[in-house]
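What follows is a short report on a single structure.
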Amino acid sequence: MKNNKSKFSKHLVSGVAALALAAGAAGSASAAENGKFRVGIVTFLSGPAAGPFGVPSANAAKVLVEELNKGNLPAPYDKIGINGAEIEAVIIDEAGGATKQVEEYRNLVQRQKVDAVIGYVSSGDCLAIAPVAEELKTFTIAYDCGTPRLFADNPDAQYMFRTGLDASVDNIGAVRYLAATRPDVTRLAGIQQNYSWGQDSWADFTAAASALLPEAEIVEEQFPKIYQGQYGAEISALSVKRPEIVHSSFWGGDMEALVLQANARGLLEDATGLLTCGEASFATYKDQAPNGMIIGARGPFGQFAPDNELNTWFKGVYQNAYDIEPVYPATKMAQAILGLKYAAENAGVADKEIPSAEQLSAAMKGATFESVSGTVEMARGNGHQAMQGITYGEYHYEDGVASIKNAVSFDGECVTPPEGVAAADWIADGFPGAKCN
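Reading the sequence shown from the start, the letters are residues -31 to -1, 1 to 406 in mature numbering (1 follows the signal peptide of the UniProt record, and there is no 0).
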């Protein structure tokens, strides 16, 4: 994993900022204590998820906050700061587990007096935070965590939102990509981290494959523990079964280690890897990943983001700041911040006033806003969950340049269960109502 720690620490010291309302905020708008909009930003700054996920995310928050405070964004986000108030960011480390993150969240709200919180890569962390956000009545956006349980377990959520997609979309999209590009595949295998994220991802993938690739069989599945790091035994077990496709929802350092080891041992020469989170390391694979490996970005993010004005602007300022293109965690962080700005500036409060958590929630629920990834519809989870399409493509590295080839996109209504319908039931019933081009 590329070590960005020293460079990133320098960026943190330079003073990124963001805001959030204190717990129990009143229902009407108020001026911030220091006249600024304070946002809590939570992502991995240490551990194996920092390099591929946390550092790009925090860097995106830093550059976006700096440019928002200068009023440098394209329309409709060209108003300075958030609703005219300067943004101040409080960035904290997501490492340490769910219990620690609940403590950190309470500290952000009750002591740091943030006006909103944006964060969480880990599904376990966002599941733990969701009921606390409701308890403390704090507007909170989960920018990356993918568990489908976020709103299934919290159907009456008022303050919790997610501007990214859930894992069911990832895996239905992955199977649709195989059906579109490799319809004759017959031997599938998988390797997943052995906790809810990996188990749920594999369940959705295999169920969708049964429906869309009826001639395919599952020849092997492996579930090593999260952060295991060494996968020799699992790679050997997969290789023996000679799969054509090896699916994995691995993320962070585990994903990078798996690609390096599986490629070195020849598994990814004989089989095609399909990594639902694979785009996160697009800039660092180089020739250590095989040409033709299928990667996703958990939505229209990173290399799969459209060439719209907002994304062109964001890619430019990010690359100027960090000498690297933004990968999907960075794009998703930018989307969450733009979602917060949209809500604040459509909450019906006076210029430079800070909307209450209730006003932010009312403006965000069911909203449609423009982003670096295109149009975002908060059309699921009773208006709290984003719906967008998803794209997969093949990684290629030639003459020192990485690229995506053979990309195929699927509309949101092609890969997203209808409101109130569980993914497992939708798949089992044959995807009723799916709208696919």
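The beta-carbon is built from N, C-alpha and C at its ideal position, and this holds for glycine as well. Quantities reported herein were computed from a predicted structural model and do not represent experimental measurements.
Could you please give me the residues that DSSP links to Gly235 through a beta bridge? Residue pairing for Gly235: DSSP places it in no beta bridge.
So which of Lys310, Gln127, Glu388, Ser205 has the shortest CA-CA distance to Ile56? Closest option to Ile56, Cα to Cα, is Lys310.
How long is the line joining the alpha carbons of Asp223 and Ala316, rounded to whole angstroms? CA-to-CA, the gap between Asp223 and Ala316 works out to about 41 Å.
Please specify which runs of the alpha helix (DSSP H), each continuous and at least 4 residues long, are wholly inside the region 283 to 322, giving them in chain order. If only uninterrupted alpha helix (DSSP H) runs of at least 4 residues are considered, those enclosed by the region 283 to 322 are 297 to 314.
Which one of Phe13, Thr253, Ala176 has the shortest CA to CA distance from Asp94? Among Phe13, Thr253, Ala176, the Cα nearest to that of Asp94 is on Phe13.
Taking only runs that begin and end inside the region 11 to 67, name each unbroken beta strand (DSSP E) of 3 or more residues, in chain order. For secondary structure counted as the beta strand (DSSP E) over 3 or more consecutive residues, the region 11 to 67 holds these complete runs in sequence order: 55 to 62.
Helix, strand or coil for Asn140 per DSSP? In the structure shown, Asn140 falls within a helical segment according to DSSP collapsed to helix, strand and coil.
Give me, in chain order, the residues of the same chain whose beta-carbon lies closer than 6 Å to that of residue 413; leave out the 5 immediate sequence neighbours on both sides. Past the boundaries of the shown model lies residue 413; the chain is included only from -31 to 406, so the question cannot be answered.
In terms of residue numbering, what span does the alpha helix (DSSP H) encompassing Glu103 cover? Counting along the chain, the unbroken alpha helix (DSSP H) around Glu103 starts and ends at 92 to 105.
Taking the alpha-carbon of Leu96 as reference, which of Gln79, Ala85, Tyr74 has the nearest alpha-carbon? Measuring from the Cα of Leu96, the nearest candidate turns out to be Tyr74.
Does DSSP put Val86 in a helix, in a strand, or in coil? Strand at Val86.
Nearest-angstrom Cα separation, counted from Lys374 out to Gln288: Each residue's alpha carbon lies about 22 Å from the other.
Tell me, which residues are paired with Met262 by DSSP? According to DSSP, Met262 bridges with Tyr364.
Cβ atoms of Ala240 and Glu203: under 8 Å apart, would you say? Not in contact: Glu203 and Ala240 (Cβ atoms no closer than 8 Å).
Could you have a look at Thr241 and say whether DSSP puts it in helix, strand or coil? Thr241 falls in the strand class under three-state DSSP.
Sequence-distant residues of the same chain with beta carbon closer than 7 Å to Ala305, five excluded per side: Taken in chain order, the residues that qualify are Ile87, Ile110, Tyr112, Thr132.
Which term fits Ala(-3), buried or exposed, when burial requires 16 or more other beta carbons within 10 angstroms of its beta carbon? Only weak support is given to the placement of Ala(-3): the predicted model assigns it a pLDDT of 43, under 50, and the value that follows is read from those uncertain coordinates. With 16 or more other Cβ atoms within 10 Å, it is buried.
May I ask which residues mark the beginning and end of the beta strand (DSSP E) holding Arg156? It spans 156 to 160 - the beta strand (DSSP E) in which Arg156 sits, taken as one unbroken run.
Since Leu77 contacts Gly4 with CB under 8 Å, what's their CB separation in whole angstroms? No, Leu77 and Gly4 are not in contact; Cβ-Cβ is about 19 Å, not under 8 Å.
Look at the Cβ atom of Ala303, then the Cβ atom of Ala18, and state whether they are nearer than 8 Å. No; because the gap between Cβ atoms is not below 8 Å, this pair is not in contact.
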